[in-house]
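To start, the structure itself, in structure tokens.
Structure follows, in structure tokens:
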């Protein structure tokens, strides 16, 4: 990725002095350079398709990566998929129709799942509405209610996987949770 970024900059006629690792860039954007002193902290990043965690040590304005890693097969889309399967189960129980067997309908359910995930970040429940689902030979709009508790139960294995990988990265960095600075 770094090499491709450098090549793109060169093709655009830009001179690159140095590239910065993404967790360092995130820490800088968050305002780490304003801190005076010594601390260690964790940057935890869920992208759409990947998860990364990095332990950073800061001494004054200088940031050093102590350990970094992640899971290239774990990301926000996995949480969306978990919610889509939750909705598909509800549709099946209600209509005896497996929406996951129709690619177009499944894409509609997956698309709506991301919106529901975002809504559940600050609500106890959200409506999971999908239009144009063909059940028993007629198009229907499915209006389901999904609770945060239901979503969290589906998310638990994914969160556990991320936490396990984070613990491994912290071991590599030789830090414990108590060593990490709070925000």
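In our numbering, the protein residues as written are 22 to 204.
For every residue, glycine included, the Cβ atom is placed at its ideal position computed from N, Cα and C.
Counting pairs of Cβ atoms below 8 angstroms between the stretch 72-91 and the stretch 102-113, do you hit three or more? no
Could you spell out where the beta strand (DSSP E) holding residue 30 opens and where it closes? That residue, residue 30, is in no beta strand (DSSP E); its alpha helix (DSSP H) goes 23-32.
Span of the beta strand (DSSP E) around residue 64: 59-67
Endpoints, the alpha helix (DSSP H) within which residue 97 is located: 97-116
Kindly give me the distance between the Cβ atoms of residue 72 and residue 107, rounded to whole angstroms, as I take these residues to be in contact under 8 angstroms. Actually they do not touch by this definition, with Cβ atoms about 21 angstroms apart.
Measuring straight from C-alpha to C-alpha, what distance separates residue 135 and residue 104? 8 angstroms
If contacts are defined as beta-carbon pairs under 8 angstroms, then residue 205 and residue 147 qualify, I think. What distance do you get, rounded to the angstrom? No statement about residue 205 is possible, as the shown extent of the chain runs from 22 to 204 and does not include it.
Helix, strand or coil: which one does DSSP assign to residue 17? Not covered by the structure: residue 17. The range shown for the chain is 22 to 204.
Helix, strand or coil at residue 176 according to DSSP, with G and I counted as helix: helix
Using the C-alpha atoms, what's the distance from residue 49 back to residue 174? 34 angstroms
DSSP three-state label for residue 80, please. strand
Helix, strand or coil: how does DSSP classify residue 46 here? helix
Does DSSP put residue 147 in a helix, a strand or coil? Reduced to three states, the DSSP call for residue 147 is strand.
Beta-carbon proximity list for residue 202, same chain, < 6 angstroms, skipping 5 on both sides: Result list for residue 202: 60, 62, in chain order.
Of the residues 26, 91, 53, the one placed nearest residue 40, counting alpha carbons only: 26
So, helix, strand or coil for residue 86, using DSSP? Residue 86 carries a strand assignment under DSSP once its states are collapsed to helix, strand and coil.
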